[in-house]
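Heads up, the thing below is written out as structure tokens.
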Amino acid sequence: MGEFVSVEVADQIATIRLDRPKMNALNGQVQREIAEAARIVDEDPQVQAVILYGGERVFAAGADIKEMADMSYADMSAHSSTLQACFTTVARIGKPVIAAITGYALGGGCELALCADFRVAGESAKLGQPEILLGIIPGAGGTQRLPRLVGPARAKDLIFTGRHVSAAEALEIGLVDRVVPDEQVYTAALEWAATFVGGPSIAVRAAKQAVDQGLEVDLDTGLEIERLQFSGLFATDDAKIGMRAFAEKAKPKFTGR
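Per my numbering, the sequence shown starts with residue 1, numbered consecutively.
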């Protein structure tokens, strides 16, 4: 699709593949290609789950420091909006998204992984937000998505120190959801993604929106978001199919309508 980012679809699972040797540094072009890939898989009705993957050696080692080093405040003020918009596009994919993490997921790479719903890491993977060591802070969602995932104290520890986290510690603090041998990372993500294929895709999208949007508001507003999504699903064919199959003790065959 792009020079550094491709989309491959097989068995209704899309893989967004980063391939910018050596470390998948996330320069402006890669960011734009990631956003376009996210839009493609979100809009494709044949895609029911998505994997973010950087290859067997590295997920993404962060932003392109050489590109940023000479930027002024005015330059970065404009660029940072594009950077955040790119990652938000990934976070808003209305389908289950799994980050398959090998090697390093640092800085922008970690922030990209945070945009996924689930994270599978290899045993030797390293994650972190080392921006503080450059005299800056995370700028692609790290100060916001990380504390929502692991809690503010743990997020501050990682952000204030810039230290790298092992896969084992990442699993312990909830930064990743599964740890597998390095060579099994993509296979494990693929197997997980396959569990969503054939499911009620409209309901899954509604559930994802309800959870994600609910995290940003007070409880009463969140419950109203849930109520509206819940009620709206009764207008879908899938709801009728699912409840009819339940009554008949049969396996539902959802249509995505």
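Glycine included, C-beta positions come from ideal geometry on N, C-alpha and C.
- Between G174 and G128 the beta-carbon gap is near 15 Å, outside 8 Å, which marks them as no contact.
- Per DSSP, S166 is one residue of the beta strand (DSSP E) stretching across 164-166.
- By the criterion of at least three beta-carbon pairs nearer than 8 Å, the stretch 105-118 is in contact with the stretch 55-69.
- Under DSSP, L106 takes part in a beta bridge, and its partners are G128.
- Excluding its 5 nearest sequence neighbours in each direction, Q209 has C-beta neighbours in its own chain below 8 Å: G94, I225, Q229, listed in chain order.
- A direct Cα-to-Cα measurement between S6 and I16 gives close to 6 Å.
- With fewer than 16 neighbouring CB atoms inside 10 Å of its own CB, E183 falls in the exposed class.
- Rounded to whole angstroms, the gap between the alpha carbons of S77 and E33 is 20 Å.
- For F118, the enclosing beta strand (DSSP E) has its first and last residue at 118-122.
- Counting only runs that start and end inside the stretch 4-42, the beta strand (DSSP E) elements of at least 3 residues fall at 5-10, 13-18.
- Bounds of any beta strand (DSSP E) do not take in L228; it lies within the alpha helix (DSSP H) bounded by 219-232.
- In the three-state DSSP reduction, I202 falls in the helix class (H, G or I).
- Between the alpha carbons of A10 and V97 lies a distance of about 15 Å.
- Contact annotation, E111 with A91: C-beta distance approximately 10 Å; criterion of less than 8 Å not satisfied.
- Assigned with DSSP and collapsed to three states, V180 falls in strand.
- The three-state reading of DSSP puts L52 in strand, counting E and B together.
- For V97, the uninterrupted beta strand (DSSP E) run begins and ends at 97-101, by DSSP.
- Minimum Cα-Cα distance from A203 among the listed residues A235, S124, Y73, Q144 corresponds to A235.
- About 13 Å separates the beta carbon of L114 from that of R154, a gap too long to meet the 8 Å contact definition.
- Looking at the backbone, the Cα of I51 and that of A99 are separated by about 6 Å.
- If the five residues before and after A167 are omitted, its C-beta is found closer than 6 Å to the C-beta atoms of A121, E123, A125, V179, all from its own chain and listed in chain order.
- It is roughly 12 Å from the alpha-carbon of E169 to the alpha-carbon of L158.
- Looking from the CA of E36, the closest CA among F87, L149, I101, A250 belongs to F87.
- A direct Cα-Cα distance of roughly 6 Å separates L18 from N24.
- Between K251 and I241 a beta carbon distance of about 10 Å is seen, past the 8 Å cut, so the two are scored as non-contacting.
- Comparing alpha-carbon positions, the option among A63, D117, S201 lying closest to I137 turns out to be A63.
- The C-alpha of A207 is placed about 15 Å away from the C-alpha of T221.
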